[in-house]
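First comes the structure, then the notes that go with it.
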Amino acid sequence: MRKHSLFLFFCTLVITSSQSQASSKTVQSLVGKIVNAQAQFVEEKKALDLLRQHRYVFVGEKHDNPEHHQLERRFIQERFSNVDQSVQGKVVFEMLDTSHEFAISKLQTVDSLDQMKKILNWPEKGSWDWAVYAPTFQEALKRSALAAGNIDRAFIGAVYKHGEKNFVDVDRFSSAVNPPDFLKNYLLDQIFTSHCGMQSRETLTPMLHIQLAKDASMATAMLRTSAAMLIAGGEHVRGDTGAPWHLLKRNPQADIFIIQLLEVQENNLDLHSYIKKAGKADLYWFTGAIASKDYCAGVKGKAAQ
(Lines of atoms letter the chains of each structure in order from A and count residues from 1; the text may use other names and numbers.)
(Lines give C-alpha, C1' and ligand atoms only; values in the text may rest on other atoms or scores of the structure.)
Protein backbone atom coordinates (compact mmCIF):
# COMPACT_ATOMS: atom_id res chain seq x y z
CA MET A 1 0.00 0.00 0.00
CA ARG A 2 2.80 2.36 0.92
CA LYS A 3 4.65 1.63 -2.34
CA HIS A 4 1.47 2.34 -4.27
CA SER A 5 1.05 5.69 -2.49
CA LEU A 6 4.63 6.68 -3.16
CA PHE A 7 4.20 5.77 -6.81
CA LEU A 8 1.08 7.97 -7.08
CA PHE A 9 2.87 10.82 -5.29
CA PHE A 10 5.80 10.56 -7.70
CA CYS A 11 3.45 10.57 -10.72
CA THR A 12 1.66 13.64 -9.37
CA LEU A 13 4.96 15.47 -9.00
CA VAL A 14 5.96 14.58 -12.57
CA ILE A 15 2.60 15.69 -14.00
CA THR A 16 2.59 18.93 -11.98
CA SER A 17 6.15 19.70 -13.04
CA SER A 18 5.32 19.00 -16.67
CA GLN A 19 2.24 21.21 -16.51
CA SER A 20 4.29 24.01 -14.94
CA GLN A 21 6.94 23.75 -17.65
CA ALA A 22 4.26 23.71 -20.35
CA SER A 23 2.64 26.79 -18.80
CA SER A 24 5.99 28.57 -18.70
CA LYS A 25 6.66 27.71 -22.35
CA THR A 26 3.18 28.89 -23.28
CA VAL A 27 3.78 32.25 -21.64
CA GLN A 28 7.22 32.62 -23.17
CA SER A 29 5.78 31.96 -26.62
CA LEU A 30 4.12 35.41 -26.56
CA VAL A 31 7.02 37.40 -25.08
CA GLY A 32 8.57 39.59 -27.75
CA LYS A 33 5.63 39.18 -30.10
CA ILE A 34 3.77 42.16 -31.56
CA VAL A 35 0.17 42.25 -32.75
CA ASN A 36 -2.03 44.89 -34.35
CA ALA A 37 -5.57 45.94 -33.43
CA GLN A 38 -6.94 42.99 -35.39
CA ALA A 39 -4.86 40.56 -33.27
CA GLN A 40 -2.62 39.79 -36.25
CA PHE A 41 1.09 39.26 -35.64
CA VAL A 42 3.41 41.99 -36.93
CA GLU A 43 7.12 41.57 -37.60
CA GLU A 44 9.44 43.68 -35.47
CA LYS A 45 10.99 45.42 -38.48
CA LYS A 46 7.57 46.52 -39.66
CA ALA A 47 6.67 47.76 -36.17
CA LEU A 48 9.85 49.85 -35.96
CA ASP A 49 9.23 51.26 -39.43
CA LEU A 50 5.79 52.40 -38.27
CA LEU A 51 7.36 53.95 -35.17
CA ARG A 52 9.48 56.16 -37.42
CA GLN A 53 6.80 56.99 -39.97
CA HIS A 54 4.09 58.56 -37.81
CA ARG A 55 4.21 62.12 -36.53
CA TYR A 56 2.76 61.61 -33.05
CA VAL A 57 3.58 58.32 -31.35
CA PHE A 58 2.27 57.24 -27.94
CA VAL A 59 4.04 54.52 -25.94
CA GLY A 60 2.28 53.06 -22.91
CA GLU A 61 4.34 51.37 -20.21
CA LYS A 62 3.97 49.58 -16.90
CA HIS A 63 6.09 51.86 -14.74
CA ASP A 64 7.97 49.18 -12.81
CA ASN A 65 8.83 46.82 -15.66
CA PRO A 66 12.54 47.13 -16.65
CA GLU A 67 11.89 45.52 -20.03
CA HIS A 68 9.53 48.35 -20.91
CA HIS A 69 12.23 50.94 -20.18
CA GLN A 70 14.73 49.03 -22.31
CA LEU A 71 12.28 48.98 -25.20
CA GLU A 72 11.61 52.69 -24.84
CA ARG A 73 15.31 53.48 -25.13
CA ARG A 74 15.43 51.36 -28.24
CA PHE A 75 12.37 53.14 -29.63
CA ILE A 76 14.12 56.49 -29.18
CA GLN A 77 17.22 55.18 -30.94
CA GLU A 78 15.18 53.76 -33.80
CA ARG A 79 12.94 56.80 -34.20
CA PHE A 80 15.88 59.17 -34.49
CA SER A 81 18.10 56.89 -36.57
CA ASN A 82 19.25 58.34 -39.89
CA VAL A 83 16.77 61.21 -39.86
CA ASP A 84 16.88 64.95 -39.38
CA GLN A 85 16.00 65.82 -35.79
CA SER A 86 13.35 68.28 -36.97
CA VAL A 87 11.42 65.41 -38.53
CA GLN A 88 10.93 63.55 -35.25
CA GLY A 89 10.68 66.47 -32.85
CA LYS A 90 10.67 65.65 -29.14
CA VAL A 91 10.31 62.79 -26.69
CA VAL A 92 7.71 63.90 -24.14
CA PHE A 93 7.69 62.25 -20.71
CA GLU A 94 4.92 61.85 -18.17
CA MET A 95 7.69 61.75 -15.55
CA LEU A 96 8.78 65.32 -16.31
CA ASP A 97 6.46 68.24 -15.58
CA THR A 98 6.26 71.97 -16.21
CA SER A 99 8.49 72.69 -13.20
CA HIS A 100 11.35 71.00 -15.08
CA GLU A 101 11.06 73.00 -18.31
CA PHE A 102 13.59 75.71 -17.47
CA ALA A 103 16.13 73.16 -16.21
CA ILE A 104 15.68 71.06 -19.34
CA SER A 105 16.61 74.11 -21.43
CA LYS A 106 19.92 74.25 -19.54
CA LEU A 107 20.87 70.62 -20.18
CA GLN A 108 23.60 69.76 -22.69
CA THR A 109 23.58 66.69 -24.91
CA VAL A 110 26.87 65.54 -23.36
CA ASP A 111 25.71 65.84 -19.74
CA SER A 112 26.24 62.80 -17.55
CA LEU A 113 23.46 61.27 -15.48
CA ASP A 114 24.85 62.95 -12.36
CA GLN A 115 24.94 66.33 -14.10
CA MET A 116 21.39 65.86 -15.34
CA LYS A 117 20.18 64.96 -11.87
CA LYS A 118 21.76 68.07 -10.37
CA ILE A 119 20.45 70.45 -13.03
CA LEU A 120 16.95 69.01 -12.81
CA ASN A 121 17.14 69.21 -9.01
CA TRP A 122 15.75 65.70 -8.86
CA PRO A 123 14.51 64.70 -5.38
CA GLU A 124 16.05 61.71 -3.62
CA LYS A 125 12.57 60.52 -2.77
CA GLY A 126 9.74 61.26 -5.13
CA SER A 127 7.13 59.80 -7.44
CA TRP A 128 9.68 58.66 -10.01
CA ASP A 129 12.88 56.69 -9.38
CA TRP A 130 15.84 58.49 -10.97
CA ALA A 131 17.78 55.24 -11.44
CA VAL A 132 14.89 53.83 -13.47
CA TYR A 133 14.14 56.79 -15.75
CA ALA A 134 17.45 58.66 -16.03
CA PRO A 135 18.92 56.42 -18.79
CA THR A 136 15.81 56.97 -20.90
CA PHE A 137 15.91 60.73 -20.29
CA GLN A 138 19.56 60.68 -21.37
CA GLU A 139 18.72 58.78 -24.55
CA ALA A 140 16.34 61.60 -25.51
CA LEU A 141 18.74 64.31 -24.38
CA LYS A 142 21.49 62.98 -26.67
CA ARG A 143 19.19 63.94 -29.53
CA SER A 144 18.19 67.30 -28.03
CA ALA A 145 14.69 65.85 -27.76
CA LEU A 146 13.96 65.78 -24.01
CA ALA A 147 10.61 67.40 -23.13
CA ALA A 148 8.26 67.59 -20.15
CA GLY A 149 4.60 66.70 -20.51
CA ASN A 150 2.98 66.57 -17.09
CA ILE A 151 1.52 69.17 -14.75
CA ASP A 152 3.52 70.15 -11.67
CA ARG A 153 2.59 69.72 -8.01
CA ALA A 154 1.47 73.31 -7.61
CA PHE A 155 -1.05 73.00 -10.42
CA ILE A 156 -2.25 69.62 -9.14
CA GLY A 157 -3.00 71.32 -5.83
CA ALA A 158 -4.87 74.13 -7.57
CA VAL A 159 -6.95 71.67 -9.60
CA TYR A 160 -7.74 69.64 -6.50
CA LYS A 161 -9.12 72.76 -4.81
CA HIS A 162 -10.81 74.55 -7.69
CA GLY A 163 -11.41 71.91 -10.37
CA GLU A 164 -12.25 72.98 -13.92
CA LYS A 165 -11.93 76.67 -13.09
CA ASN A 166 -8.20 76.21 -13.69
CA PHE A 167 -8.82 75.14 -17.31
CA VAL A 168 -10.98 78.04 -18.49
CA ASP A 169 -9.30 80.14 -21.20
CA VAL A 170 -6.02 78.22 -20.77
CA ASP A 171 -4.93 76.79 -24.11
CA ARG A 172 -2.96 73.90 -22.60
CA PHE A 173 -6.13 72.51 -20.98
CA SER A 174 -8.77 73.39 -23.54
CA SER A 175 -9.53 69.73 -24.25
CA ALA A 176 -10.18 69.07 -20.54
CA VAL A 177 -13.12 71.48 -20.36
CA ASN A 178 -16.58 69.84 -20.38
CA PRO A 179 -15.45 66.29 -21.21
CA PRO A 180 -18.10 63.91 -22.60
CA ASP A 181 -19.95 61.60 -20.21
CA PHE A 182 -18.31 58.42 -21.54
CA LEU A 183 -14.87 59.82 -20.74
CA LYS A 184 -15.83 61.03 -17.26
CA ASN A 185 -17.52 57.74 -16.42
CA TYR A 186 -14.59 55.64 -17.58
CA LEU A 187 -12.00 57.69 -15.70
CA LEU A 188 -14.09 57.76 -12.53
CA ASP A 189 -14.41 53.97 -12.67
CA GLN A 190 -10.62 53.62 -12.97
CA ILE A 191 -9.98 56.09 -10.16
CA PHE A 192 -12.59 54.38 -7.96
CA THR A 193 -10.87 51.01 -8.50
CA SER A 194 -7.38 52.43 -7.92
CA HIS A 195 -8.63 53.82 -4.59
CA CYS A 196 -9.72 50.28 -3.64
CA GLY A 197 -13.40 51.26 -3.71
CA MET A 198 -12.99 53.07 -0.42
CA GLN A 199 -14.36 56.43 -1.57
CA SER A 200 -17.57 57.36 -3.33
CA ARG A 201 -17.32 58.47 -6.93
CA GLU A 202 -18.58 61.92 -5.95
CA THR A 203 -15.62 62.52 -3.64
CA LEU A 204 -13.24 61.49 -6.43
CA THR A 205 -14.24 64.31 -8.79
CA PRO A 206 -11.06 66.31 -7.99
CA MET A 207 -8.99 63.29 -9.04
CA LEU A 208 -10.99 63.14 -12.28
CA HIS A 209 -10.07 66.76 -13.05
CA ILE A 210 -6.42 66.05 -12.29
CA GLN A 211 -6.40 63.05 -14.65
CA LEU A 212 -7.98 65.14 -17.41
CA ALA A 213 -5.43 67.91 -16.82
CA LYS A 214 -2.50 65.49 -17.04
CA ASP A 215 -3.67 63.97 -20.32
CA ALA A 216 -4.50 67.38 -21.81
CA SER A 217 -1.10 68.70 -20.76
CA MET A 218 0.79 65.81 -22.35
CA ALA A 219 -1.19 66.13 -25.57
CA THR A 220 -0.51 69.86 -25.73
CA ALA A 221 3.21 69.31 -25.13
CA MET A 222 3.27 66.98 -28.12
CA LEU A 223 1.46 69.45 -30.36
CA ARG A 224 3.89 72.24 -29.47
CA THR A 225 6.63 70.50 -31.43
CA SER A 226 6.87 69.40 -35.07
CA ALA A 227 6.49 65.75 -34.04
CA ALA A 228 6.69 63.83 -30.79
CA MET A 229 6.78 60.51 -29.00
CA LEU A 230 5.10 60.34 -25.58
CA ILE A 231 6.27 57.89 -22.92
CA ALA A 232 3.65 57.45 -20.22
CA GLY A 233 1.68 54.88 -18.25
CA GLY A 234 -0.60 52.64 -20.28
CA GLU A 235 -3.81 54.30 -19.10
CA HIS A 236 -2.56 57.69 -20.28
CA VAL A 237 -2.07 56.47 -23.87
CA ARG A 238 -5.38 54.67 -24.38
CA GLY A 239 -6.66 55.86 -27.73
CA ASP A 240 -10.24 56.39 -26.62
CA THR A 241 -9.75 57.93 -23.16
CA GLY A 242 -6.17 59.16 -22.73
CA ALA A 243 -3.78 61.73 -24.18
CA PRO A 244 -4.48 60.61 -27.79
CA TRP A 245 -8.14 61.56 -27.32
CA HIS A 246 -7.11 65.04 -26.16
CA LEU A 247 -4.64 65.48 -29.01
CA LEU A 248 -7.25 64.54 -31.61
CA LYS A 249 -9.79 66.87 -30.01
CA ARG A 250 -7.34 69.72 -30.54
CA ASN A 251 -6.22 68.52 -33.98
CA PRO A 252 -8.64 65.99 -35.54
CA GLN A 253 -6.38 65.48 -38.57
CA ALA A 254 -3.26 64.64 -36.55
CA ASP A 255 -1.26 61.59 -37.59
CA ILE A 256 -1.14 59.48 -34.42
CA PHE A 257 0.15 55.99 -33.66
CA ILE A 258 -0.23 54.11 -30.35
CA ILE A 259 1.93 51.30 -28.96
CA GLN A 260 0.94 49.55 -25.74
CA LEU A 261 3.66 47.53 -23.96
CA LEU A 262 1.89 44.61 -22.31
CA GLU A 263 3.04 42.00 -19.82
CA VAL A 264 2.25 38.40 -20.78
CA GLN A 265 0.07 36.81 -18.13
CA GLU A 266 0.44 33.16 -17.15
CA ASN A 267 -1.91 30.79 -18.99
CA ASN A 268 -3.34 33.56 -21.15
CA LEU A 269 -2.83 33.29 -24.89
CA ASP A 270 -6.10 35.06 -25.76
CA LEU A 271 -4.87 38.04 -27.75
CA HIS A 272 -8.29 39.65 -27.82
CA SER A 273 -8.45 39.74 -24.02
CA TYR A 274 -5.17 41.69 -23.88
CA ILE A 275 -6.38 44.10 -26.54
CA LYS A 276 -9.71 44.68 -24.80
CA LYS A 277 -8.07 45.37 -21.44
CA ALA A 278 -5.37 47.69 -22.85
CA GLY A 279 -7.82 49.73 -24.91
CA LYS A 280 -7.56 51.19 -28.38
CA ALA A 281 -4.06 51.10 -29.87
CA ASP A 282 -2.32 50.32 -33.16
CA LEU A 283 0.24 47.85 -31.82
CA TYR A 284 0.48 45.71 -28.70
CA TRP A 285 4.05 44.69 -27.85
CA PHE A 286 4.31 41.76 -25.43
CA THR A 287 7.00 41.52 -22.76
CA GLY A 288 7.81 39.41 -19.75
CA ALA A 289 5.93 40.17 -16.54
CA ILE A 290 7.18 41.13 -13.12
CA ALA A 291 5.55 40.18 -9.84
CA SER A 292 2.37 42.16 -9.26
CA LYS A 293 1.51 43.68 -5.90
CA ASP A 294 -2.06 43.93 -4.67
CA TYR A 295 -2.09 47.42 -3.18
CA CYS A 296 -5.64 46.97 -1.91
CA ALA A 297 -4.97 43.69 -0.07
CA GLY A 298 -4.22 45.39 3.23
CA VAL A 299 -6.93 48.02 3.02
CA LYS A 300 -9.47 47.72 5.81
CA GLY A 301 -12.97 49.04 5.96
CA LYS A 302 -16.00 48.80 3.76
CA ALA A 303 -15.89 49.86 0.13
CA ALA A 304 -17.99 52.89 -0.70
CA GLN A 305 -21.05 52.15 -2.77
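All letters in the sequence shown, in the order written, are residues -22 to -1, 1 to 283 by mature numbering (1 follows the signal peptide of the UniProt record, and there is no 0). Here a beta-carbon is modelled for each residue, glycine too, at the ideal position from N, C-alpha and C. Predicted, not measured: the structure shown is a model, and the values here were computed from it.
Minimum Cα-Cα distance from A269 among the listed residues H250, D260, Q243 corresponds to Q243.
Pairing G212 with G38 gives a Cβ-Cβ distance under 8 Å. Annotation: the continuous beta strand (DSSP E) that includes I234 extends over 234 to 241. Annotation: Q86 to K68 spans about 15 Å, alpha carbon to alpha carbon. For the pair V137 and Q48, the Cα-to-Cα distance works out to about 34 Å.
When the beta-carbon positions are compared, V13 and Y262 come within less than 8 Å of each other. Contact between the region 250 to 259 and the region 224 to 233 is absent: fewer than 3 CB-CB pairs across the two stretches fall below 8 Å. DSSP places L124 within a strand segment (E or B) once states are collapsed to three.
Secondary structure at F264: strand, using DSSP grouped into helix, strand and coil.
Sequence-distant partners of H41 (beyond 5 residues in either direction) whose C-beta falls short of 7 Å from its own C-beta, in its chain, are G211. Distance check between D75 and each of K139, N156, F133 places F133 closest, using alpha-carbon atoms only. As DSSP reads the structure, D75 sits in a beta bridge with N128. Taking all protein chains in view, the Cβ of Q16 is surrounded by fewer than 16 other Cβ atoms within 10 Å, so the residue is classified as exposed.
Of E21, K84, A191, A199, the smallest CA-CA separation from V146 is found for A191.
Following the DSSP letters along the chain, one finds V20 in no alpha helix (DSSP H), marked with neither H nor E.
With 16 or more other Cβ atoms inside 10 Å of its own Cβ, Q189 counts as buried.
Less than 8 Å divides the Cβ of M73 from the Cβ of Y111. A check of alpha carbon separations from K120 across Q177, M185, I54, W108 identifies I54 as the nearest. Sequence-distant Cβ neighbours of A194 in its own chain, meaning closer than 6 Å and more than five residues away, are F151, S153, A154, H224. The alpha carbon of A259 has as its nearest neighbour, out of N245, D248, R216, H173, the alpha carbon of R216. Burial of L186 is indicated by the presence of at least 16 other C-beta atoms within 10 angstroms of its C-beta. Listed as beta-bridge partners of N14 by DSSP are L261. Contact between I97 and A81 holds: their C-beta atoms lie close to 5 Å from each other, under 8 Å. Relative to the Cα of Q116, the nearest Cα in the group G127, M196, E50 belongs to E50. Taking the CA atoms as reference points, L239 sits about 13 Å from A25. With a cutoff of 8 Å on beta-carbon distance, V70 and A199 are scored as near each other. Distance from the CA of K271 to the CA of I129, rounded to the nearest whole angstrom, comes to 27 Å. Setting aside the 5 residues that flank it on each side, R30 is surrounded in the same chain by E56, R57, S59, V61, Q66, each with a C-beta closer than 8 Å to its C-beta; the list follows chain order.
Put simply, the backbone Cα of K23 is about 27 Å away from that of A125.
A residue is called buried when at least 16 other Cβ atoms come within 10 angstroms of its Cβ; L161 meets this threshold and is buried.
With 16 or more neighbouring CB atoms inside 10 Å of its own CB, A118 falls in the buried class.
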